[in-house]
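Shown next, in structure tokens, is the structure this report addresses.
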Amino acid sequence: PNIVVLAKSQDLGSPLRFRDFFTNGLALTVAAIFAGSALSCAMAAVVFGADSTLPRWACEAAAGSCLWVGVGGIVRGGAVSAQACIVDLAGDGSVCRLWNGTEISSQFGMP
Numbered sequence: 008p009n010i011v012v013l014a015k016s017q018d019l020g021s022p023l024r025f026r027d028f029f030t031n032g033l034a035l036t037v038a039a040i041f042a043g044s045a046l047s048c049a050m051a052a053v054v055f056g057a058d059s060t061l062p063r064w065a066c067e068a069a070a071g072s073c074l075w076v077g078v079g080g081i082v083r084g085g086a087v088s089a090q091a092c093i094v095d096l097a098g099d100g101s102v103c104r105l106w107n108g109t110e111i112s113s114q115f116g117m118p
């Protein structure tokens, strides 16, 4: 479509130049980048629940690197009775780390 407008503008008193398209397009592109980024961050919590705790199904899907443990606590501002525990794979796998950084034995995993 831009090439059609550019070609048809040659009949006008002052034809459009490539620079006219570039300067307008650049400003719109930069505005779209910032608006899209801000909306993505704002809507992630609303649409996907990105600010909530890791759900049990997601931890179970990552078998071997995540355990669901029956350890209560506060995760992201909400009280939980059980939570995900990430297994320390650098070691022998006998220790896992909770959201707040507490390390516990991976034997506490719930079936």
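Numbering (the numbering used here), first residue to last: 8 to 118. Ideal placement from N, C-alpha and C gives every residue a C-beta, glycine not left out.
Along the beta strand (DSSP E) that carries residue 82, what are the first and last residues, could you check?
80-82
Do residue 61 and residue 42 come within 8 Å of each other at the CB atom, strictly closer than that value?
no
Just the Cα atoms here: how many angstroms apart are residue 99 and residue 112?
When the Cα atoms are used, residue 99 and residue 112 turn out to be separated by approximately 11 Å.
6 Å CB neighbourhood of residue 67 in its chain, flanking five on each side removed
none
Applying the criterion that 16 or more other CB atoms from any shown protein chain within 10 Å of the CB defines a buried residue, is residue 118 buried or exposed?
Its pLDDT being 47, under 50, residue 118 is placed unreliably in this model, and the value from its coordinates should be taken loosely. Burial call: exposed.
DSSP state of residue 19 mapped onto helix, strand, coil:
For residue 19, the secondary structure class from DSSP, reduced to helix, strand or coil, is coil.
According to DSSP, simplified to helix, strand and coil, what is residue 32?
In the displayed model, residue 32 falls within a helix according to three-state DSSP.
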